[in-house]
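A.B. asks:
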Amino acid sequence: MIIRMAKVDIVGPKGRLLPVLEALREIGVVQLEGGAPWPATAAHGLHPLHVDSASLARQLWFAHLRDGIGELCALLPAPPLRVAYLDPPAALEALAHLLPRHLDSCRRRRDEREGLQRQTLESSRQAGLLQTLAGLLEGRDTSAGLVQVVGVTLREPELAGKLTAAAEGLTGGRFHLDTAVAPDGTTVGVIATDNDFAEVVRGALAAEGVAELALPAELAGLPLEQQVATLSRRSEEARQRALLLAAEEERFARRWLPLYRKVADWLDDRLAVLAAAADVFETELCFCVHGWMPAARVAGLRDELEARFGGEVDLTEGEVCEHDLEQVPVLLHNPYYLRPFELLVRLLPLPRYASIDPTPLVAFFFPLLFGLMLGDLGYGGVLALVAGGVMMQPRISPTVRDGARILMACAVSSMFFGLLFGECFGEEGGQRLGLAPLLFARSGSLVPFLWFALSVGLVHVGLGLILGIFVAARSGHRREAWLRLFNLLILLALVLVGVGWAAPESGLLAVALWSLGVTIPLLLVSGGLLAPLEMLKTIGNVVSYARLMAIGLTSVLLATVANRLGGLSGSIVAGIFVAGLLHLFNLLLGIFAPTVHALRLHYVEFFSKFFEPGGHDYHPLEKRPK
Amino acid sequence: MEKVLIAFAAALAVGIPALATAWAQSRIGAAGAGTLAEKPELTATVIILLAIPETMVILGFVVAAMILLMV
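Chains as they are written, first to last, in our numbering: chain Y, 4 to 629; chain E, 991 to 1061.
#1: Nearest-angstrom Cα distance between Thr1035 (chain E) and Leu351 (chain Y)?
#2: What would DSSP say about Gln396 (chain Y), mapped onto helix, strand or coil?
#3: Arg550 (chain Y) CB to nearest chain E CB: under 8 Å?
#4: Answer yes or no: do Ala245 (chain Y) and Arg116 (chain Y) have a C-beta to C-beta separation smaller than 8 Å?
#5: With 8 Å set as the bound, which would you pick, yes or no: does the beta-carbon of Thr1045 (chain E) sit closer than that to a beta-carbon of chain Y?
#6: Out of Y:Ala195, Y:Pro186, Y:Met296, which has the shortest C-alpha to C-alpha gap to Thr167 (chain Y)?
#7: So, do the segment 579 to 598 of chain Y and the segment 478 to 485 of chain Y have three or more beta carbon pairs nearer to each other than 8 Å?
#8: Can you confirm whether Leu1049 (chain E), when its beta carbon is compared against all beta carbons of chain Y, has any partner nearer than 8 Å?
#9: Write down the C-beta distance between Phe473 (chain Y) and Ser529 (chain Y) rounded to the nearest angstrom, noting that I regard them as a contact closer than 8 Å.
#10: Which chain E residues sit within Cβ distance under 8 Å of Leu350 (chain Y)?
#11: Using only CA atoms, which one of E:Leu1058, E:Thr1045, E:Ile1048, E:Ile1038 lies nearest to Gly1022 (chain E)?
#12: Taking the Cβ atom as the reference point for each residue, do Gly37 (chain Y) and Ala275 (chain Y) lie within a distance shorter than 8 Å?
#13: Using a Cβ cut-off of 9 Å, which residues of the segment 1005 to 1020 of chain E contact any Cβ in chain Y, in chain order?
#14: With DSSP as the reference, identify every bridge partner of Val11 (chain Y), one or two as the case may be.
#15: Could you check where the beta strand (DSSP E) with Val184 (chain Y) kicks off and where it finishes?
#16: Look at the alpha carbon of Met1056 (chain E) and the alpha carbon of Val1004 (chain E), and state the distance between them as a whole number of angstroms.
#17: Nearest to Leu187 (chain Y) by CA position, among Y:Leu591, Y:Val193, Y:Leu539, Y:Glu125, is which residue?
#18: Which first and last residues belong to the alpha helix (DSSP H) in which Val1036 (chain E) is found?
#19: What are the boundary residues of the alpha helix (DSSP H) that includes Phe284 (chain Y)?
#20: For chain Y, is any of its Cβ atoms less than 8 Å away from the one on Ala999 (chain E)?
#21: Could you check the C-alpha separation between Gly425 (chain Y) and Val459 (chain Y) for me, to the nearest Å?
#22: Just checking my contact of Lys17 (chain Y) with Cys289 (chain Y) at CB under 8 Å: how many whole Å lie between their CB atoms?
#23: Using only CA atoms, which one of Y:Ser509, Y:Trp504, Y:Leu494, Y:Leu590 lies nearest to Thr522 (chain Y)?
#24: Quick check: Val331 (chain Y) and Val348 (chain Y), are their CB atoms within less than 8 Å of each other?
#25: Using a Cβ distance threshold of 8 Å, determine whether the segment 90 to 109 of chain Y contacts the segment 206 to 216 of chain Y, with at least three qualifying pairs required.
#26: Can you find a C-beta in chain E that's less than 8 Å from the C-beta of Leu449 (chain Y)?
#27: Can you tell me which of the three DSSP states Gly391 (chain Y) falls into?
#28: Here's the rule I'm using: 16 or more other beta-carbon atoms within 10 Å means buried, otherwise exposed. How should Trp295 (chain Y) be labelled?
#29: With 8 Å as the threshold, decide whether the Cβ of Leu227 (chain Y) is near any Cβ in chain E.
#30: Leaving aside the five residues before and after Leu560 (chain Y) along the sequence, list all residues of the same chain whose C-beta is less than 7 Å from its C-beta, in chain order.
#31: Tell me whether the beta-carbon of His293 (chain Y) lies closer than 8 Å to the beta-carbon of Ile6 (chain Y).
#32: With which residues is Pro16 (chain Y) paired in a DSSP beta bridge?
#33: Could you list which residues in chain E have their beta carbon closer than 9 Å to that of His600 (chain Y), in chain order?
#34: List the residues of chain E that Leu1 (chain Y) touches, going by C-beta distances under 9 Å, in chain order.
#35: Evaluate Arg1017 (chain E) with the Cβ neighbour count: other Cβ atoms within 10 Å of its Cβ, from every protein chain shown; 16 or more gives buried, anything less gives exposed.
#36: Is the segment 411 to 427 of chain Y close to the segment 373 to 388 of chain Y, with three or more CB pairs under 8 Å?
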């Protein structure tokens, strides 16, 4: 249901504005309404709160300080921290003075640590490449100076073939290429060639973008083993220094972060209150807050304000007029067992205030339509197990939990209809379990199933029309209400025509034709020339429920195919495997198709008769959990 | 021959709407995916739009089943 909202004015002396806003934020029930003063109070000379330059400067200083603290928190690790007990307003000036220095030292420490981490990685990588290179050069004698060795790193091992072909062309075959994979996965290659060709090969490699093994300049001239040892030592030194800096960061965080977080929380609260002040109005001596809140909580809030401010602050409840309805925020409140279905209603825009919350109707009809389409005891049981498993998980989001509850309701409905249709993993399963169809067997009763589906549609659309008449009459749209009433009457008359046609001895045909003769002109009078079109749309809406039969029939036929194919395999194991696979496929389809089509029947066929979207969500001024 | 014609009629009854539905859903699906990338709050509208053309093939299936089982 949509909670009844009250329109409230809270008035008090200007000096009490910030404590009142803090109290309202703490209690968290009033949604402030900014814009222009309400007509009833505008006559008293109310105007939007004027913020003086000193207050504005203070607000900007708070925001700047909060940004700085946010940056500092992002620079530091988050170890388990003690709770700080200092009084934030008393520490503000001191921390604001310290913050730039702390930010500077933390930035430098972070930059140095990141540089050292990069150096550690690079040095250990280069050491690994050199070790691989040393392995390739083992046994070669390059001391005579007739041969030069070019080390390269290859992005992909396949490049070795292209490199061979290129070197073949450049040196006329006077080269040797060896490759090996370094510990980090890089492919290292060594090209040994005559001194005459070395520069040509280097130039060609550079032109092709093949990286020559690059080492720090200060290592040039050292033997390979010494280069490897130097790089490994450097890597270890950088790692140790980075660990030292990380420990320093953690010490700093343990000492200062609790204080900064405490101040940041206080600043968040203060900034939220100051931001809310933008929706406040004032006179020379007083402030006035307009807002909306649940009507049931007005008395409680009035008592709370009385207790906190000793009669200095007054709360008055105004009358909600017709022109206010567009502004009233909408708060849905349903019993525990219906609340999960708000998830399906909230996929559309919220209903307008003073219209109908369709959640209870969706909670009844959605599982009903789903069960009618899936309608299988076995499939329903599997879905119930899945939904139960998800619901028993200790840490799942509220949305997933609501989804699991909806699935559980649909599973129970599927099991119920499975009993009515005598199906358990298809009709064959039901026969083996001795389940006789209590209603009818779906695969062999096409026409009864079709009539049953259309009857469900008639009830669903008819209920939508009745609600539509109620909503239109309550909103003062009498013409619309009459149009919906005549649509409903014509629909019922058409049903009577069908019944009278099928059973001529009942005499209903004449009554139905007379009813049509009276209601069709009335429909044209109330709805104009477009009214027949609306009537055809309503009939189309009912016919659309034939999908309940179609999807239900495909479900049972696929289950039959799964059972028969499993039986044809000739082996118990293979049969179970084949049938299980097909049943799993059918079950997946059986979740997806009924969900989409049950939603569609609600959103298009049912809601179009009465649902009025356009409500605004209720957002009270409150402390939000961090 | 009569059975062949009945089967052919049933195949046409479900096949032609299936092609039409597939074509419509391919267009709506592509546009809907683009819409959801920018405005995820329109999920319900996209589901509705995507499910609307399925009415054709579902009613085609109903007609085909009636042709096969009732004629």
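Backbone N, C-alpha and C fix where the C-beta goes; we use that ideal spot for every residue, glycine too.
C.D. replies: According to the structure data:
#1: 7 Å
#2: Note: Gln396 (chain Y) maps to coil in three-state DSSP.
#3: yes
#4: In this structure, Arg116 (chain Y) lies closer than 8 Å to Ala245 (chain Y) by Cβ.
#5: yes
#6: Y:Ala195
#7: no
#8: yes
#9: Contact doesn't hold; Cβ gap of about 17 Å is too wide.
#10: Thr1033, Ala1034, Ile1037
#11: E:Ile1038
#12: no
#13: Taking 9 Å as the cut-off between beta carbons, none of the residues of the segment 1005 to 1020 of chain E comes near chain Y.
#14: Y:Gly294, Y:Glu320
#15: 178 to 184
#16: A direct Cα-to-Cα measurement between Met1056 (chain E) and Val1004 (chain E) gives close to 11 Å.
#17: Per the sequence shown, the amino acid found at residue 187 (chain Y) is Asp instead of Leu. If you compare the alpha carbons of Y:Leu591, Y:Val193, Y:Leu539, Y:Glu125 with that of Asp187 (chain Y), the shortest gap goes to Y:Glu125.
#18: Per DSSP, Val1036 (chain E) belongs to the alpha helix (DSSP H) from 1033 to 1041.
#19: Unbroken run through Phe284 (chain Y) is the beta strand (DSSP E), 283 to 285; no alpha helix (DSSP H).
#20: Cβ-Cβ to chain Y under 8 Å: no for Ala999 (chain E).
#21: Cα to Cα, the separation comes out at about 20 Å.
#22: About 6 Å separates the beta carbon of Lys17 (chain Y) from that of Cys289 (chain Y), a gap short enough to meet the 8 Å contact definition.
#23: It is Y:Leu494 whose Cα lies nearest to the Cα of Thr522 (chain Y).
#24: Not closer than 8 Å, so no.
#25: no
#26: yes
#27: It is helical.
#28: Classification of Trp295 (chain Y): buried, given that the 10 Å Cβ count is 16 or more.
#29: Chain E, which has no Cβ nearer than 8 Å to the Cβ of Leu227 (chain Y), makes this no.
#30: Ser446
#31: Against a cut-off of 8 Å, the Cβ pair of Ile6 (chain Y) and His293 (chain Y) comes out as no contact.
#32: Y:Cys289
#33: Identification of chain E residues near His600 (chain Y) by a Cβ-Cβ cut-off of 9 Å yields Ala1041, Glu1044, Ile1048, ordered along the chain.
#34: The requested residue 1 (chain Y) is not part of the displayed model; chain Y covers only 4 to 629.
#35: exposed
#36: Judged by Cβ distances under 8 Å, the segment 411 to 427 of chain Y makes contact with the segment 373 to 388 of chain Y, as three or more pairs qualify.
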